[in-house]
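Below is one structure, written out as C-alpha cells; comments come after it.
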Amino acid sequence: MEEKKLDTTTIIGFVLITAILIWMLYDNQKNAENQTAEATKTEQVDSAKTTAAEVIAPEPEKEFTLNLADSTELAKYKNSLGPFAYSATLESNAKSEFTEVENEKLYLKISNKGGQIIEARLKEFTTYDSVPVYLVKDKNASFGIELTTNDNRTFNTKDLYFEPTETVSGDQEIVTMRLKTSADTYLEYRYTLKKDDYLIDFAIQSKGLNGAVNTSKPITLDWSLNGIRHAKSASYENRYTRLTYNHEDEKVDKLSQSGDDEEVVENTTWLSFRQHFFSSILISDKAFKTADLKSKNLIGKDVNDADVEFTKAYAASLPLELSNGEFNYEMHMYYGPTDYKVLKQYKEYGIDESMPTGWGIFGIINRWIIMPVFDFLVSFLPAGFAIIALTILVKLVLSPVQYKQFVSQAKMKVLRPEMDEINKKYEDQPMKKQQETMSLYKKAGVNPMSGCLPAVLQMPVFYALFTFFPTAFILRQKSFLWADDLSSYDSVIKLPFDVPFYGSHVSLFPILASIAIFIYMQMTSAQSMAQQQQPGMPNMKFLLYLSPVMMLVFFNQYASGLSLYYFVSNTITIFIMLAIKKFIIDEDKIHAKIQENKKKPKKEGKFQQRLKKMMEQAEAQQKGKK
1 MEEKKLDTTT
11 IIGFVLITAI
21 LIWMLYDNQK
31 NAENQTAEAT
41 KTEQVDSAKT
51 TAAEVIAPEP
61 EKEFTLNLAD
71 STELAKYKNS
81 LGPFAYSATL
91 ESNAKSEFTE
101 VENEKLYLKI
111 SNKGGQIIEA
121 RLKEFTTYDS
131 VPVYLVKDKN
141 ASFGIELTTN
151 DNRTFNTKDL
161 YFEPTETVSG
171 DQEIVTMRLK
181 TSADTYLEYR
191 YTLKKDDYLI
201 DFAIQSKGLN
211 GAVNTSKPIT
221 LDWSLNGIRH
231 AKSASYENRY
241 TRLTYNHEDE
251 KVDKLSQSGD
261 DEEVVENTTW
271 LSFRQHFFSS
281 ILISDKAFKT
291 ADLKSKNLIG
301 KDVNDADVEF
311 TKAYAASLPL
321 ELSNGEFNYE
331 MHMYYGPTDY
341 KVLKQYKEYG
351 IDESMPTGWG
361 IFGIINRWII
371 MPVFDFLVSF
381 LPAGFAIIAL
391 TILVKLVLSP
401 VQYKQFVSQA
411 KMKVLRPEMD
421 EINKKYEDQP
431 MKKQQETMSL
441 YKKAGVNPMS
451 GCLPAVLQMP
461 VFYALFTFFP
471 TAFILRQKSF
481 LWADDLSSYD
491 SVIKLPFDVP
501 FYGSHVSLFP
511 ILASIAIFIY
521 MQMTSAQSMA
531 QQQQPGMPNM
541 KFLLYLSPVM
551 MLVFFNQYAS
561 GLSLYYFVSN
571 TITIFIMLAI
581 KKFIIDEDKI
591 HAKIQENKKK
601 PKKEGKFQQR
611 LKKMMEQAEA
621 QQKGKK
C-alpha cells in the first residue's frame, strides 16, 4: 500500500499560500490590538485630551425656536449673533425648517439651520432588513464653517440660520442657502442636483463678508459623520469601512481599518467617509493646504450585531482661504454606492481610487481583468452562476501552469525509490546525501522547485480574488441556493453562543470549501513524491489539516461568494487531477524518459563545479573534526 506523504515543493507551495492567508486574516486584528493599546496609553498620559468621539459625536442639541413677538428675547438673540444678527430678523429663519430636493437616485433634505444636508437617502437601495439606505439621517452628520468675527467672537455656521432659495434650471435643481449679515451681504452655500446623478455640485461663496470676518484668524470647514450600519454583519461591514483620502500629488491613503486613527495631511482634493458599500465623498476643485482627519471605531470586540447602530465615526477639519476677503470654493459632494463601475464615471476627480481593489499587481488584475469579466458574466447570468463561470475561466487560464505542477509531481514520484536508496545509503552523511540528491535531479532532468513555482505564480490571482469578492457591490443582496446575500455570510444554523474566531452562526459554503481543500491535499500527497520526515521539516499531518481548518474557521464570517469560489475552484482542480492522472500522465513513459536523461552526459557548469567543491570541502572538514 502506497504511503501518503507530501513532497517538499508541495509543502513550500502550501506554506506560502497559508502564510499569505494568515497574514491577510490576522492583519486587521493585529492593527486593532496595537492601536487600542496605543490609544489606552495616550489616555493615561493625557486624560484631558479630546477624543475623536467627543469631537464627532457631541451631545444632541436642543431645538431652538425664537419668539419674534418677544422683543427682549429677540434683542438678546441678535446681540449674541453680532454681525449675523440680521438673520434673526428673517421670520423664515427663526425656526428650523428645510428644503427638499431629489432626482432618480438621491433624495436630500437641506436645513435652514446651518444650511447643511440633514438627510441623504439613496432611492435605489435598501439595507439588509429592507429599510431605505440613509447616509445622513437623525443628526449623524455635521457640516459647518468655523470663523471669527471682527469683534473676536467665534461662530460655526452650523449653528446659524440661512435663508433658502430653490430654482430649477433645465434638468437641474438648485438650492441656495444664504447666511446674511445685511440685505446684500452674505455667506452662500449652493447645491446643484443634476438628473440621474449621485454627484452634487456644491459651492461656497460670499459677498461683502470682509467687513465682518477677521481674516487674520483661522477659518476651517468642519465635516463629521457617523457611518450608519447597513449590513447583516456589523463587524464584517466595519472591516471594509474606512476613511480614504488623496494628498500630495494624487497619492491615495487611508486611516486605520480597525482602530482609532488621526492624521494631518497636505494638498488634499478629496476625502471619502467610506462605508462598506456606500460612500460620502467631499471633492474640492482647489486643494486644501492641510486636512486634519480623524477616524474612531465604534464597534467593540464583544458587541452584539443587534445593538450596533453606527460603525465608524469620521471627522475632518479643512482650513479655508479667502480670496480678496471673500469665499470662493467650487466643490462636489458624492452620496452613492462604493461601486468601482459607478465611481469610475467620475474619473476626472479620481474618486475611483477610493474603492479598495488591492495594491500593485493585485489591483491591476482586479481592475483590468476580473472586474470587467465578471461584469460581463453577470450581465446575462445570475450572480452565483457568474461566480462559477468566473472560476472556470480562471482555471482555464491557469491550466498550463497547473499542468506543469502536476507533471513535476509525477516526476518526483517516479524518482522516489532512488531517493529512498540515497537516503538510506548516506543516512549518516547529510552533506553527501544532499550532493547525491542534487546529482540525481540533474541527471534525471528534474527541477524540484518547478512544483512550487506554479503555486507562487497563482498567488497574485488568489489575492486579487480575495480582495474582489468582499468588496464587489454587484454581489450585494444577490442570492444563490441557501445564501441570501453573496456579499455576506451564508448562515444555515444560528448558534445560541459565540465561538471565538468563528462567530455565532454556521456557514455552509466554508464547510464545503474546507472539504474540497482537504480532498485536494489528500490527492496531492498520494500522487506526489513522499518526502521522508526529517528533522526541521514541517509536520506533514499538520499541514494536511491546516488549510481546511483555516478555511472552516476564518471564512465563516466572510462573503459567501468568496467561499463559493474556493469550493468550486478546488472541486474543479480535483477533477482535473483525476483526468490528468488517468488520461494524460503516463508514469511509465516519464520513468523511461528520466532513465534516458540519466544516461546522457551532463556537463557541469562553473557554478555546479564550485558548489560541488564547496560541499566536498565541508564534508572533509566535518570528517577532520570527528
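Numbering (the UniProt record's numbering), first residue to last: 1 to 626. Ideal Cβ placement from N, Cα and C applies to all residues, glycine included.
By DSSP, does residue i sit in helix, in strand, or in coil?
| i | result |
| --- | --- |
| PRO400 | helix |
| ILE174 | strand |
| LEU318 | strand |
| VAL506 | strand |
| ASP197 | coil |
| PHE466 | helix |
| TRP368 | helix |
| SER87 | helix |
| PHE555 | helix |
| LYS217 | coil |
| ALA291 | strand |
| LYS232 | coil |
| ASN324 | coil |
| ARG242 | strand |
| ILE574 | helix |
| LYS395 | helix |
| GLU421 | helix |
| TYR346 | helix |
| PRO496 | strand |
| SER130 | coil |
| LEU298 | coil |
Taking the DSSP output, what are the residues bridged to residue i?
| i | result |
| --- | --- |
| ALA120 | LEU108, VAL136 |
| SER224 | SER142, ALA315 |
| HIS332 | ASP201, ILE283 |
| TRP270 | ILE283 |
| THR167 | ILE174 |
| GLU102 | TYR107 |
| GLU192 | As written in the sequence, residue 192 is Thr, which differs from the Glu given in the question. DSSP lists ILE174, ASP201 as partners of THR192. |
| ALA383 | Note: ALA383 sits in no beta bridge, so no partner. |
| ASP253 | TYR245 |
| PHE278 | PRO337 |
| TYR186 | LYS180, LYS207 |
Given a cut-off of 9 Å, decide if residue j and residue i are closer than it, judged by their beta-carbon atoms.
| i | j | result |
| --- | --- | --- |
| TYR502 | ASN570 | no |
| GLY358 | ALA464 | yes |
| ILE283 | ARG274 | no |
| THR99 | GLU166 | yes |
| PHE155 | LEU106 | no |
| ILE299 | ASN238 | yes |
| ARG153 | LEU135 | no |
| residue 678 | GLN205 | The requested residue 678 is not part of the displayed model; the chain covers only 1 to 626. |
| THR467 | GLY384 | no |
| LEU475 | PRO510 | no |
| ASP151 | PRO218 | no |
| GLU119 | LEU193 | no |
| VAL394 | VAL461 | yes |
| THR157 | ILE145 | yes |
Use the C-beta contact count for residue i: other C-beta atoms within 10 angstroms, 16 or more gives buried, fewer gives exposed.
| i | result |
| --- | --- |
| LYS296 | buried |
| TRP482 | exposed |
| ASP138 | exposed |
| THR471 | buried |
| LEU396 | exposed |
| ALA52 | Summary for ALA52: the model assigns pLDDT 35, below 50, so the residue's position carries little reliability, and this model does not support an answer. |
| PHE583 | exposed |
| LYS195 | exposed |
| ASP307 | exposed |
| GLY336 | buried |
| ASP197 | buried |
| LYS294 | buried |
| MET529 | Below a pLDDT of 50, predicted positions are generally treated as unreliable, and MET529, at 39, falls in that range; the measurement from the model is reported next regardless. Classification of MET529: buried, given that the 10 Å Cβ count is 16 or more. |
| SER47 | Reliability of the predicted coordinates at SER47 is poor, the pLDDT of 35 falling under 50, and the value obtained from them is presented with this limitation in mind. SER47 is exposed by the Cβ-count criterion. |
| ILE517 | buried |
| GLN557 | buried |
| GLY259 | buried |
| residue 627 | There is simply no residue 627 to check, as the chain begins at 1 and stops at 626 in what is shown. |
| GLN522 | exposed |
| ALA183 | exposed |
Quiz item: Between the stretch 268–286 and the stretch 237–251, do at least 3 Cβ pairs fall closer than 8 Å?
Solution: yes
Quiz item: Quick check: the stretch 404–420 against the stretch 371–385, are there 3 or more CB pairs under 8 Å?
Solution: no
Quiz item: Is there contact here, the stretch 436–443 with the stretch 340–355, by at least three beta-carbon pairs under 8 Å?
Solution: no
Practice problem: Check whether the stretch 216–230 touches the stretch 312–321, taking contact to mean three or more Cβ pairs, one atom from each stretch, closer than 8 Å. | Solution: yes
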